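Per our numbering, the very first residue in the sequence shown carries number 27; after that it's consecutive.
For glycine and all other residues, C-beta sits at the position ideal for the given N, C-alpha and C.
Note that the structure is predicted; figures quoted are calculated from it, not measured.
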Amino acid sequence: MVQPPQRTALTGPALVRLLARIGETDVQASQQPLADRLSQWLGWTDAIALSTVLSAPAPAMGGASPSTSRGDGEDEAQRCLSLRSALSKAIVTDGVLAPPRQSARHARAQQVQEVPDMPADYAVFRQCYLALQQKMEADIGDLRTRLRNRLAAQSSAMAKLAALDAVMERSLAVRERALLGAVPGLLGKHFERLRKAAQAAEAQAEAQAEAQAQAEAHTDSANSKTGAWLTTFRKDMQSLLLAELDVRFQPVEGLLAALRAR
Numbered sequence: 027m028v029q030p031p032q033r034t035a036l037t038g039p040a041l042v043r044l045l046a047r048i049g050e051t052d053v054q055a056s057q058q059p060l061a062d063r064l065s066q067w068l069g070w071t072d073a074i075a076l077s078t079v080l081s082a083p084a085p086a087m088g089g090a091s092p093s094t095s096r097g098d099g100e101d102e103a104q105r106c107l108s109l110r111s112a113l114s115k116a117i118v119t120d121g122v123l124a125p126p127r128q129s130a131r132h133a134r135a136q137q138v139q140e141v142p143d144m145p146a147d148y149a150v151f152r153q154c155y156l157a158l159q160q161k162m163e164a165d166i167g168d169l170r171t172r173l174r175n176r177l178a179a180q181s182s183a184m185a186k187l188a189a190l191d192a193v194m195e196r197s198l199a200v201r202e203r204a205l206l207g208a209v210p211g212l213l214g215k216h217f218e219r220l221r222k223a224a225q226a227a228e229a230q231a232e233a234q235a236e237a238q239a240q241a242e243a244h245t246d247s248a249n250s251k252t253g254a255w256l257t258t259f260r261k262d263m264q265s266l267l268l269a270e271l272d273v274r275f276q277p278v279e280g281l282l283a284a285l286r287a288r
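Written out as structure tokens, the structure reads:
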């Protein structure tokens with residue numbers, strides 16, 4: 027008997043693994059070196075800007091004396107932690123992704139309303155995803171700029187690192203925005219697959235209920251399945267946003283590590 031080919035376990039950031047699962051795509055790990063892949067994201071003007079920063083001597087600090095306060099790094103670490111916590115909470119508690127829970131007292135009496143099949147229009151979810159993406163980009167961008175400014179005040183070497191990060195952010199921003207901007211479209215296809223699967227299951231349950239003349243049992247089963255697919259979708263969408271938050275925070279974590287290790 028011929029054995030079907032097995033998928034190779036995909037490694038890498040959680041965001042990549044989630045996108046592969048949600049998109050039902052058999053993604054193979056790239057064999058191309060990271061430097062080669064990264065070079066494909068950069069235009070010739072970006073390459074010139076990077077070369078200029080790398081080849082230039084570390085900027086002189088002038089009359090300013092580097093900060094020697096050990097509290098600086100810890101203060102920024104707390105600021106980073108607070109922002110990450112706030113963004114995570116915004117994702118987890120968003121009204122579209124986390125519908126209000128009913129009290130246990132009314133859960134049995136209002137079973138149908140507990141997991142409503144609304145909003146059934148993906149446009150509502152798409153707008154929610156885009157809004158949270160924009161918030162992450164703006165808030166993390168501000169924090170990244172703040173960390174660069176703090177680094178630049180520490181020493182000439184740290185100032186050069188901050189300048190390099192600024193060039194990298196500008197060079198990769200367009201490509202990064204385009205790639206992350208494609209996620210809502212992929213999520214929309216996932217939404218439709220889940221909905222169609224739930225509709226098919228509901229139709230099958232309806233046919234069985236009609237044959238067995240058990241209308242009440244059919245009603246409970248159908249509504250439960252309808253609510254279940256939306257619950258699954260909401261969890262998947264939350265997981266994607268949290269994984270994207272991890273990716274967006276990686277440059278911040280690098281800058282913070284440099285600041286704390288000065």
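Distance between F217 and E270, taken at the CA atoms: about 18 angstroms. Nearest in C-alpha terms to R47, of all of G280, L68, L213, is L213. Under the criterion of beta carbons closer than 8 angstroms, I117 and L158 qualify as touching, at roughly 6 angstroms.
Rounded to the nearest whole angstrom, the C-alpha separation of S181 and P59 is 32 angstroms. Collapsing the DSSP output to three states places V118 in a helix.
Taken through DSSP and simplified to helix, strand or coil, Q57 comes out as coil. Here the C-alpha atom of A75 lies approximately 36 angstroms from the C-alpha atom of C154. Shown here for W67: same chain residues with a beta carbon closer than 7 angstroms to its own, the five before and five after excluded, namely L198, R201 in chain order. In this model, A82 and A189 are separated by some 11 angstroms (Cα to Cα).
In the three-state DSSP reduction, L256 falls in the helix class (H, G or I). If the five residues before and after V278 are omitted, its C-beta is found closer than 7 angstroms to the C-beta atoms of C106, I166, L169, R170, L173, all from its own chain and listed in chain order. Counting C-beta atoms within 10 angstroms of its own C-beta, A185 has 16 or more neighbours from the protein chains shown and is therefore classed as buried. The beta carbons of G99 and R286 sit closer together than 7 angstroms.
Non-local C-beta neighbours of A183 in its own chain, meaning closer than 6 angstroms and more than five positions away in sequence, comprise A84, ordered along the chain. Residues of the same chain with a CB within less than 6 angstroms of the CB of L41, apart from the 5 flanking positions on each side, are A269, E270, V273 in chain order. Taken through DSSP and simplified to helix, strand or coil, Q180 comes out as coil. In this chain, the alpha helix (DSSP H) harbouring T78 covers 70-81.
Cβ-Cβ distances below 7 angstroms link Y148 to G214, F217 in the same chain, with the five nearest sequence neighbours on each side left out; the list follows chain order. DSSP assignment within the segment 193-224 yields no whole alpha helix (DSSP H) run of 4 residues or more. By alpha-carbon distance to L220, the top candidate from A231, L282, A164, T258 is T258. Distances from the CA of S77 to each of D191, Q234, L206 were compared; the closest alpha carbon is that of D191. Residues of the same chain with a CB within less than 7 angstroms of the CB of F275, apart from the 5 flanking positions on each side, are R110, I166 in chain order.
Annotated three-state conformation of E50 is coil, per DSSP. The DSSP-derived three-state label of A124 is coil. Leaving aside the five residues that flank L282 on each side, the residues in its chain whose CB is nearer than 7 angstroms to its CB run, in chain order, E102, A103, C106, L173.
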